[in-house]
Every structure is written in C-alpha cells, then in structure tokens.
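In the working numbering, the protein residues as written are 3 to 203. Every residue, glycine too, gets a C-beta built ideally from N, C-alpha and C. The model shown is predicted, which means the values in this text are computed figures rather than measured ones.
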C-alpha cells in the first residue's frame, strides 16, 4: 500500500511473491480462433469469354468521395464562463477599500458587490471623491477594517459585466472630414455618459 508521496510499503520483488505471480509465469491461455467472415461472394457469369465467375463485395464501397474535407463545426463557448470565483473573505459588501491601480489609485471606495466575472464593483461615492461606479480586480484592492452599513441594499440586475463593456461607437476615432480640411488633423469623440449611467451613479 501507498505510504504517501509515491512511497510504497513493499518493494516490487516483495509484491511479486505476495501476489504469487510466479505461478502464472510461462503459462499460456490459447484463444479460440475467430472464424473469418467472407468479404466477397463468387457468382457465376454466363458467356464463354467472361471468365465464368466474378467476385462481388458483400459490403459496397462508397460511391462518392468528397474532394475536400468537411469542416467540423465546434460549439463556441466562453472560456472560464463557469469558473468558480473565490473572493477574499475580508472583501464583503460595504467594506471600505483602498484602490492600488488606475486613475483613482489611492482613493478610498465602498465595495458595492461582486460581478459574475469575479470583478469587484466599487464606488466613491462620486459626490465624495469623484470616483464613479467601477469594476476592479481584487488584486488591486486593499480591504480595510472599516465597514459601511448599506442596510437592505441589493445590486440592481442590470449592473452586470455587459453594462460596463466599452461602446465601440463612442471610442471610434475616425470622423468624416469635410472637403478642404486637413487630413492630418485628428479628431477624437468625447465620451458622454448616458442618462442611465447618471441615474445609477
């Protein structure tokens, strides 16, 4: 038996004698031969110059062979979508945290909830230190011993990972230029938060 870490109580030679494997050395057990199935049938053919007989396959070969291999469709799935997220026990809803990264690094924020992706949802609130609702990994957060009683607060259902996803249209840099404008003059679209975001804040 195994003592742990791959160390076995008895050696290989000792187990050879304990299992009495020497009784089976040199003994052969003959297998019953399986009858071979015929793959062809010989059929007679009429006519003097036809050879008299012909062989017919019992199992017909494929009549169609594709020139290209079929592309097998694979069901797409998001990696780590069912991955178990483990949050530090010190990070509970209402904990005052210190941000370690990002443009709001050094600020104290309140942990509002944990998203399905494992990211923490924090807020300043915005009226106190101008830190809006943000997602942040728990590696870039220090949980303090200070707690804020949020009462019977529940995170709204629409505040998920898709809510914080960047809108590609709002980030798009290329703007149609009028005739005569400088082609090297780059224009950037200014990000304007929606009314939904303002109300959630």
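Apply the 10 Å Cβ neighbour rule to residue i and answer buried if 16 or more other Cβ atoms are within range, or exposed otherwise.
| i | result |
| --- | --- |
| residue 247 | Residue numbering for the chain in the displayed model covers 3 to 203; residue 247 lies beyond these limits and cannot be assessed. |
| residue 101 | buried |
| residue 145 | buried |
| residue 126 | buried |
| residue 97 | buried |
| residue 111 | buried |
| residue 10 | exposed |
Along the chain, where does the alpha helix (DSSP H) containing residue i start, and where does it finish?
| i | result |
| --- | --- |
| residue 136 | No alpha helix (DSSP H) contains residue 136, which is instead part of the beta strand (DSSP E) from 136 to 138. |
| residue 2 | The structure shown does not extend to residue 2, since the chain is modelled only from 3 through 203, so no value can be given for it. |
| residue 14 | 14 to 20 |
| residue 130 | 128 to 131 |
Starting from residue i, follow the beta strand (DSSP E) in both directions and report where the run begins and ends.
| i | result |
| --- | --- |
| residue 44 | 42 to 46 |
| residue 84 | No beta strand (DSSP E) holds residue 84; DSSP gives it neither H nor E. |
| residue 76 | Taken as a continuous stretch (DSSP letters only), residue 76 belongs to no beta strand (DSSP E), as it is neither H nor E. |
| residue 119 | Taken as a continuous stretch (DSSP letters only), residue 119 belongs to no beta strand (DSSP E), as it is neither H nor E. |
| residue 147 | 143 to 149 |
| residue 55 | 55 to 59 |
| residue 27 | Counting along the chain, residue 27 falls outside any beta strand (DSSP E), and DSSP gives it neither H nor E. |
| residue 5 | 4 to 6 |
| residue 97 | 97 to 101 |
How big is the Cα-Cα spacing for residue i and residue j?
| i | j | result |
| --- | --- | --- |
| residue 153 | residue 131 | 22 Å |
| residue 44 | residue 52 | 14 Å |
| residue 19 | residue 62 | 55 Å |
| residue 202 | residue 162 | 12 Å |
| residue 41 | residue 57 | 10 Å |
| residue 103 | residue 143 | 8 Å |
| residue 2 | residue 74 | Outside the displayed span of the chain (3 to 203) sits residue 2, for which this structure offers no information. |
| residue 94 | residue 115 | 8 Å |
| residue 155 | residue 82 | 29 Å |
| residue 158 | residue 117 | 11 Å |
| residue 5 | residue 141 | 39 Å |
| residue 12 | residue 25 | 20 Å |
My understanding is that residue i touches residue j, with C-beta atoms under 8 Å, so please give their C-beta distance in whole angstroms.
| i | j | result |
| --- | --- | --- |
| residue 139 | residue 113 | Between residue 113 and residue 139 the Cβ distance is about 13 Å, and since that is not below 8 Å, they are no contact. |
| residue 137 | residue 123 | 6 Å |
Closer than 7 Å to a non-hydrogen atom of the ligand NAP - does that hold for the CB of residue i?
| i | result |
| --- | --- |
| residue 122 | With respect to small molecules bound, the structure shown includes none, and the ligand NAP cannot be examined in it. |
Quick check on residue i - is its C-beta less than 8 Å from some C-beta in chain C?
| i | result |
| --- | --- |
| residue 80 | The chain inventory of the structure shown lacks chain C, comprising one protein chain alone. |
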